[in-house]
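S.K.: Sequence order for the protein chains is A and B.
Its first residue numbered 20, the first sequence is counted upward by one per residue in the working numbering.
Its first residue numbered 225, the second sequence is counted upward by one per residue in the working numbering.
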Amino acid sequence: MVKLVIVMKTLKTIDKWCKGCGICVEFCPKNVLGLIDDKVTVQNKEECIFCGQCELRCPDYAIFAEENNYEQAGFNARQ
Amino acid sequence: MASQLVEKYMRTEHLPHIWCPGCGNGVIMHAVVRAIDKLELDKNKVCIVSGIGCSSRAAGYLDFNTIHTTHGRALAFATGIKLAKPELEVVVIAGDGDIAAIGGNHLIHAARRNVGMTVVVINNNIYGMTGGQYSPATPAGEFGTTAPYGNIDRPFDIAALAAGAGASFTARGTVYNPAQITSCIQKGILHKGFSLIECISVCPVYYGRKNKKGSVIDMIKWQRDNSIPVEKAGKLPPEELKGKIVTGVLSQATYPEYTEEYAKIIEKVSGGINYEQA
Ligand SMILES: Cc1ncc(C[n+]2csc(CCOP(=O)(O)OP(=O)(O)O)c2C)c(N)n1
Ligand code: SF4
Ligand code: SF4
Ligand code: SF4
Numbered sequence: 020m021v022k023l024v025i026v027m028k029t030l031k032t033i034d035k036w037c038k039g040c041g042i043c044v045e046f047c048p049k050n051v052l053g054l055i056d057d058k059v060t061v062q063n064k065e066e067c068i069f070c071g072q073c074e075l076r077c078p079d080y081a082i083f084a085e086e087n088n089y090e091q092a093g094f095n096a097r098q
Numbered sequence: 225m226a227s228q229l230v231e232k233y234m235r236t237e238h239l240p241h242i243w244c245p246g247c248g249n250g251v252i253m254h255a256v257v258r259a260i261d262k263l264e265l266d267k268n269k270v271c272i273v274s275g276i277g278c279s280s281r282a283a284g285y286l287d288f289n290t291i292h293t294t295h296g297r298a299l300a301f302a303t304g305i306k307l308a309k310p311e312l313e314v315v316v317i318a319g320d321g322d323i324a325a326i327g328g329n330h331l332i333h334a335a336r337r338n339v340g341m342t343v344v345v346i347n348n349n350i351y352g353m354t355g356g357q358y359s360p361a362t363p364a365g366e367f368g369t370t371a372p373y374g375n376i377d378r379p380f381d382i383a384a385l386a387a388g389a390g391a392s393f394t395a396r397g398t399v400y401n402p403a404q405i406t407s408c409i410q411k412g413i414l415h416k417g418f419s420l421i422e423c424i425s426v427c428p429v430y431y432g433r434k435n436k437k438g439s440v441i442d443m444i445k446w447q448r449d450n451s452i453p454v455e456k457a458g459k460l461p462p463e464e465l466k467g468k469i470v471t472g473v474l475s476q477a478t479y480p481e482y483t484e485e486y487a488k489i490i491e492k493v494s495g496g497i498n499y500e501q502a
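1) Report yes if the C-beta distance between Asn338(B) and Phe418(B) is below 8 Å; otherwise report no.
2) Give every residue of the same chain whose Cβ lies closer than 8 Å to the Cβ of Asn88(A), excluding the five residues on either side of it in the sequence, and list them in chain order.
3) Grab me the residues of Arg378(B)'s own chain with a C-beta within less than 7 Å of its C-beta, minus the 5 sequence neighbours each way, in chain order.
4) For the structure I just gave you, are there three or more beta carbon pairs, one from the stretch 312–330 of chain B and one from the stretch 297–304 of chain B, closer than 8 Å?
5) For Phe380(B) and Gly388(B), I'd like the C-alpha separation in whole angstroms.
6) Which residues in chain B have a C-beta closer than 7 Å to the C-beta of Ile33(A)? List them in chain order.
7) Is Leu312(B) a contact residue of ligand 2, with contact defined as CB to any heavy atom under 7 Å?
8) Give the straight-line distance between the Cα atoms of Gln404(B) and Val343(B), rounded to the nearest whole angstrom.
9) Chain A beta carbons: is any one of them nearer than 8 Å to that of Trp446(B)?
10) Which residues mark the beginning and the end of the alpha helix (DSSP H) in which Arg378(B) is found?
11) Cys408(B) by DSSP, collapsed to three states: which one?
12) Note down the Cα distance separating Lys240(B) from Tyr285(B), rounded to an integer number of angstroms.
13) Pull up the distance between the alpha-carbon of Gln62(A) and that of Lys468(B), whole angstroms please.
14) By the criterion of Cβ-Cβ separation under 8 Å, what are the contact partners of Lys247(B) in chain A?
15) Where are the alpha helix (DSSP H) runs, 4 residues long or more, that stay fully inside the stretch 406–441 of chain B, in chain order?
16) Any heavy atom of ligand 3 closer than 7 Å to the beta-carbon of Arg76(A)?
17) Can we count Thr294(B) as close to ligand 1, meaning its CB is less than 7 Å from some heavy atom?
18) Comparing C-alpha positions only, which one of Cys67(A), Phe69(A), Cys37(A) sits nearest to Leu54(A)?
19) Output needed in chain order: residues of the stretch 40–55 of chain A with a Cβ under 8 Å from some Cβ in chain B.
20) How far does the beta strand (DSSP E) with Ala84(A) in it reach, from first residue to last?
21) Leaving aside the five residues before and after Gly319(B) along the sequence, list all residues of the same chain whose C-beta is less than 6 Å from its C-beta, in chain order.
22) Please check if any C-beta of chain B sits within less than 8 Å of the C-beta of Lys38(A).
23) Is DSSP giving Tyr482(B) helix, strand or coil here?
24) Which residues does DSSP pair with Lys28(A) in a beta bridge?
25) Applying the 10 Å Cβ sphere with the 16-neighbour rule, what's the burial state of Ile192(B)?
26) When the Cα atoms are used, what is the spatial distance from Gln410(B) to Arg258(B)?
27) Taking Ala391(B) as the reference, which of Ala361(B), Ile424(B), His333(B) has the closest Cα?
28) Measure from the C-beta of His238(B) to each C-beta in chain D and report whether the shortest distance is under 8 Å.
29) Would you say the beta carbon of Cys43(A) is closer than 7 Å to some non-hydrogen atom of ligand 3?
30) Do Pro48(A) and Gly248(B) have their CB atoms nearer than 8 Å?
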């Protein structure tokens with residue numbers, strides 16, 4: 020029996036915690052992020068490669084990738 | 225909801241923290257919990273000790289056994305905690321002023337004794353909390369409110385100071401590279417004995433403004449462009465290392481660990497009396 024696990028990653032931001040320093044925007048290798056009214060915004064969601072650099076560098080824990088795992092039970096490799 | 229890591233190890237009811245926008249303290253505090261998480265340490269077996277300073281406020285945000293002590297004295301408290309409960313992983317978080325100015329004497333002696341603890345130094349090259357006085361880690365020629373014409377002191381190399389005093393593990397990283405800081409802290413915790421990890425931080429508000437370093441992003445880019453891994457630094461002449469940040473594990477040695485030596489003395493003198501039960 021093979022278990023199929025689908026990992027879904029989504030970028031999450033916390034407006035209340037973001038101080039608008041711009042560090043995540045500057046160091047994102049894919050230009051995914053921007054600032055609007057001094058708050059981080061995800062502007063090119065499709066480009067994100069989930070490298071995790073924004074999460075590592077944000078001094079305020081205001082951006083991170085959330086992981087959701089979905090298990091597909093009963094999946095048989097022979098089928 | 226914050227990230228799993230933050231929810232698990234921080235007192236989120238106290239967030240957002242009071243540190244200024246871009247301050248390196250938050251990045252280093254995140255690296256500390258990431259290292260602890262990677263090592264799968266039992267939360268209840270970790271004790272975070274800090275002194276006084278912006279950086280020392282980390283103890284209030286972290287959800288472990290924590291103690292926020294007096295300026296410069298974190299290592300004295302940490303030594304007492306480690307001797308009373310050697311099974312605890314004691315992690316000290318301290319600013320450059322806290323550890324190398326008022327706390328300099330505690331630093332050299334805790335290092336000399338090789339007390340089993342991990343010291344995470346947040347070196348922002350200044351006294352942040354009190355408004356930008358120069359510290360023993362402010363480079364010569366730079367400015368502080370107490371050095372309006374430029375600092376004439378030569379700065380300490382905090383990691384080298386600790387190693388010279390007898391610390392058995394020293395390492396250095398920058399907030400430009402939080403993954404490296406995390407890995408150095410992990411190694412420091414695993415190492416038996418006194419470990420010191422010097423984290424080169426950024427204080428954009430006092431150090432940055434006083435010294436016209438530009439934005440916090442400019443300061444972090446400066447770190448990126450001026451860091452040299454220790455393996456490479458060993459092959460370079462000293463002139464080329466001037467003003468550079470040498471990163472990675474800088475020194476590692478095996479010396480007897482203090483609390484173990486102390487336990488041996490108790491064993492020898494008491495013939496194995498268990499004081500907890502006696
Ligand atoms: C015995 C004592 N002396 C002086 C002070 C004032 N004081 C508070 S924090 C600090 C220095 C802070 O610098 P550092 O330790 O580098 O931490 P940072 O704020 O930069 O993180 C000083 C001198 C104090 N609180 N207690
Ligand atoms: S995970 Fe990487 S690519 Fe995605 S937004 Fe963050 S820094 Fe950019
Ligand atoms: S690094 Fe964090 S605090 Fe700074 S702009 Fe990005 S999300 Fe906001
Ligand atoms: S004064 Fe400097 S060290 Fe203190 S919180 Fe602000 S940026 Fe950070």
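Backbone N, C-alpha and C define an ideal beta-carbon position, used for all residues, glycine too.
M.R.: In short:
1) The answer is yes: Cβ separation under 8 Å.
2) Closer than 8 Å at Cβ, skipping near neighbours: Val24, Ile25, Val26, Met27.
3) Ala364.
4) For the pair of segments examined, the stretch 312–330 of chain B was found to touch the stretch 297–304 of chain B: the number of CB pairs separated by less than 8 Å reaches three.
5) Distance between Phe380(B) and Gly388(B), taken at the CA atoms: about 12 Å.
6) Here the neighbours are Ala226.
7) Relative to ligand 2, Leu312(B) has its C-beta separated by 7 Å or more from all heavy atoms.
8) Answer to the nearest angstrom: the Cα atoms are 16 Å apart.
9) Chain A contact via Cβ: absent.
10) Counted as a single uninterrupted DSSP element, the stretch harbouring Arg378(B) is not any alpha helix (DSSP H), since DSSP gives it neither H nor E.
11) Per DSSP, reduced to three states, the secondary structure at Cys408(B) is helical.
12) Per the sequence shown, residue 240(B) should be read as Pro rather than Lys. Using only the alpha carbons, I get a separation of about 10 Å.
13) Taking the straight line joining both Cα atoms gives about 36 Å.
14) Note that residue 247(B) is Cys in the sequence shown here, rather than Lys. What Cys247(B) touches in chain A, judged by beta-carbon distance under 8 Å, is Pro78, going in chain order.
15) Qualifying alpha helix (DSSP H) stretches: none in this window.
16) Taking non-hydrogen atoms of ligand 3 into account, the C-beta of Arg76(A) is found less than 7 Å away from one of them.
17) At least one heavy atom of ligand 1 falls within 7 Å of the beta-carbon of Thr294(B).
18) Nearest to Leu54(A) by C-alpha distance, out of Cys67(A), Phe69(A), Cys37(A), is Cys37(A).
19) Taken in chain order, the members of the stretch 40–55 of chain A whose beta-carbon sits within less than 8 Å of a beta-carbon on chain B are Cys40, Gly41, Ile42, Glu45, Phe46.
20) Note, Ala84(A): beta strand (DSSP E), 82–91.
21) By the criterion of a C-beta distance shorter than 6 Å, Gly319(B) is surrounded in its chain by Gly277, Ser279, Ile346, once the five residues flanking it on both sides are discounted.
22) Chain B, which has a Cβ nearer than 8 Å to the Cβ of Lys38(A), makes this yes.
23) Reduced to three states, the DSSP call for Tyr482(B) is helix.
24) The partner list for Lys28(A) (beta bridge, DSSP) reads Glu86(A).
25) Limits of chain B in this structure are 225 at one end and 502 at the other, which puts residue 192(B) out of reach.
26) Gln410(B) and Arg258(B) have their C-alpha atoms some 9 Å from each other.
27) Closest by alpha carbon: His333(B).
28) Considering every chain present, this structure includes no chain D. Its protein chains are A and B.
29) Correct: Cys43(A) has its Cβ closer than 7 Å to ligand 3.
30) Not in contact: Pro48(A) and Gly248(B) (Cβ atoms no closer than 8 Å).
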